[in-house]
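What follows is one structure encoded as structure tokens, with my remarks underneath.
Here it is as structure tokens:
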């Protein structure tokens, strides 16, 4: 007998964004789209348990959500023209225009210039990426309540400003692409190393969807080299996924991964895209530089063969493009390999990243290499407290426990 709970969990993961995107396009209201999608999933729990899972669960959910949306519009309508509008809502295909994909079209709609960049990204992660508010808050290193307010304000702004739910014109796409790429990168990162301890450590569904949508963006904007760089970055990172988590569910760091398990086809494609960006001869942006860093790592057949001087040089360039504390933290890892942990620790200490688990994990490793075990243990404890990913937490605990000889 089919386990309806398991089926719904899988279907929610695969279909939530599509249902919301389809409703948003057809009824033009994000709040209603999200609420009716939630009602449809709730109805599925009861109906599928009694009648069995339908042959096409996604279509069942979309139809159910759509009918409930129409019923709600009818109930809430007070004017005759609104009532007629609700009655006339129908499954008439609209011209898809430049973007022939509901989810990607919704991403571009949510990334309207009228919204602040952080609001665009947060709203789209919620509606299209299907991430929870806690997951998005962890990605931004902010409190859940603050993120919830940010998302609510973005929805309100869309409604108040009358931002249309339509396919952006080709002329509109370049102005919105930076927010779209940011969204896709965060969705990918959540899949590659999930922040929710109650979920799988690696969510291949999210990484695959992020890659699929990024390919579409690159097809739409073939001359946008940041889109090409992001696709290369995703492919080179995804190529290492088979070696990322051990059979016991523990994170395997880059230096210890079985490089024979890496996906060489993805690496070859990623390297080709990086070379294409370089050949263009234009100043590289953030994603292109990060892709180049990953190209250096995936070019080394053994961790000992890594060209750390090249990695450090690329991070020096990235700091000029994006002087964020997280970039400086990542640069310090390369500095440690070139100049030693003492020099790297001097750069890491003082970075305003106390709420970021990777900051404390990096400090722990540097302190460990310097023989300062007590301080390293404290840093591991703080990293464990902040880390959400189950595989990463298991790795940090083992590293901490090794300090005490257990």
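Numbering (UniProt numbering), first residue to last: 1 to 406. Ideal Cβ placement from N, Cα and C applies to all residues, glycine included. These numbers come from a predicted model, not from an experiment.
DSSP bridge partner residues for residue i (one or two, in chain order)
i: residue 251; result: 245
Where residue i falls, given that 16 or more other Cβ within 10 Å makes a residue buried
i: residue 130; result: buried
i: residue 36; result: buried
i: residue 245; result: buried
i: residue 408; result: The question about residue 408 has no answer, for the chain in this structure spans 1 to 406.
i: residue 338; result: exposed
i: residue 109; result: buried
Cβ-Cβ separation, residue j to residue i (assumed contact under 8 Å), whole Å
i: residue 322; j: residue 286; result: 5 Å
i: residue 372; j: residue 384; result: With 8 Å as the limit, residue 372 and residue 384 do not qualify as a contact, their Cβ atoms being about 18 Å apart.
i: residue 128; j: residue 107; result: 5 Å
i: residue 20; j: residue 33; result: 5 Å
i: residue 293; j: residue 227; result: That belief does not hold up - the Cβ atoms of residue 293 and residue 227 are roughly 18 Å apart, past 8 Å.
i: residue 238; j: residue 211; result: 7 Å
i: residue 229; j: residue 283; result: Not really, about 12 Å apart at Cβ, beyond 8 Å.
i: residue 344; j: residue 366; result: 6 Å
i: residue 242; j: residue 272; result: About 21 Å; that fails the 8 Å criterion.
Closest by C-alpha distance to residue i, when choosing among the options
i: residue 258; options: 303, 220, 230 and 237; result: 303
i: residue 31; options: 154, 50, 48 and 145; result: 154
i: residue 288; options: 327, 336 and 233; result: 233
i: residue 25; options: 225, 282 and 102; result: 102
i: residue 59; options: 15, 368, 49 and 34; result: 15
i: residue 8; options: 42, 17, 34 and 23; result: 42
i: residue 299; options: 254, 51 and 18; result: 254
i: residue 329; options: 338, 363, 317 and 301; result: 363
i: residue 382; options: 358, 390 and 366; result: 358
i: residue 263; options: 135, 240 and 348; result: 240
i: residue 265; options: 394, 247, 248 and 236; result: 236
i: residue 207; options: 183, 281 and 319; result: 183
Span separating the alpha-carbon of residue i from that of residue j
i: residue 340; j: residue 118; result: 36 Å
i: residue 252; j: residue 392; result: 8 Å
i: residue 334; j: residue 346; result: 13 Å
i: residue 86; j: residue 49; result: Note that residue 86 scores a pLDDT of 47, beneath 50, so its modelled location is shaky; the value from the coordinates is reported in the next line. Taking the straight line joining both Cα atoms gives about 31 Å.
i: residue 297; j: residue 306; result: 6 Å
i: residue 194; j: residue 170; result: 34 Å
i: residue 95; j: residue 168; result: Any answer about residue 95 is weak, because its pLDDT of 44 lies below 50 and its placement is not dependable; what the coordinates show is given next. Distance between the alpha carbons of residue 95 and residue 168: 12 Å.
i: residue 192; j: residue 123; result: 20 Å
i: residue 473; j: residue 354; result: An answer regarding residue 473 cannot be provided, because it is not within the stretch 1 to 406 covered by the chain.
i: residue 379; j: residue 141; result: 18 Å
i: residue 268; j: residue 277; result: 14 Å
i: residue 55; j: residue 47; result: 13 Å
i: residue 80; j: residue 73; result: Low confidence applies here, because residue 80 scores a pLDDT of 48, under 50, leaving its location unreliable; read the following figure in that light. Straight-line Cα distance between these residues: approximately 12 Å.
i: residue 349; j: residue 399; result: 21 Å
i: residue 88; j: residue 29; result: Confidence in residue 88 is poor, its pLDDT being 43 and thus under 50, which makes the residue's placement too unreliable to answer from.
i: residue 116; j: residue 215; result: 25 Å
i: residue 217; j: residue 179; result: 12 Å
i: residue 247; j: residue 76; result: 54 Å
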